[in-house]
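Numbering follows the numbering used here, in which position 83 of the sequence shown is assigned residue number 83; successive positions increment by one, without gaps. Below is one structure, written out as structure tokens; the observations come after it.
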Amino acid sequence: MRNSRFGKSLATLTAVTAVALGASLITAPTASAVGGSACTKNVKNHNMMVINVGATAYSGPGTSYSKRKRLEWFDNVYVRCYTVKRNTQWYYGDLPRTSKRGWVNAQLLQEI
């Protein structure tokens with residue numbers, strides 16, 4: 001009888017822990033915006049064109065940051081600077097049709 005009570009207690013504790021852990025993973029915040037402070041190199045301000053369907057601008061240099069804007073093919077991004085994170089170059093600049101700035105993967109842009 002004692003073993004079954006222990007088993008029930010252990011099962012309850014396991015279930016409560018799993019629910020609590022799952023809830024904390026679901027509500028984990030995304031990385032916060034960094035803006036131009038993450039730039040490691042300024043570039044001559046110039047326009048670059050989006051050359052990939054489905055390109056997205058983020059609030060920081062990486063896909064773990066929140067999405068700022070979905071970009072259209074041939075959109076122009078006014079680039080101000082860049083940085084390299086995990087062997088990927090990210091440009092920071094003014095996004096089209098908005099007053100926002102954001103980060104775009106360099107592989108999705110072409111200089112014009």
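Every residue, glycine too, gets a C-beta built ideally from N, C-alpha and C.
- In this structure, Gly-60 keeps its C-beta atom at 8 Å or more from the C-beta atom of Arg-80.
- Counting only the Cα atoms, Ala-38 lies some 10 Å from Trp-90.
- As summarised for the region 46-91, the continuous beta strand (DSSP E) elements at least 3 residues long and confined to that stretch are 56-58, 67-70, 76-85, given in chain order.
- Between the beta-carbon of Leu-108 and that of Asn-52 there is about 4 Å, and that keeps the pair under the 8 Å contact cut.
- In this chain, Arg-97 is not harboured by any beta strand (DSSP E), its DSSP state being neither H nor E.
- The shortest C-alpha to C-alpha distance from Gly-102 to any of Gln-110, Ser-66, Glu-72, Arg-86 is the one to Ser-66.
- For Leu-109, the enclosing beta strand (DSSP E) has its first and last residue at 109-111.
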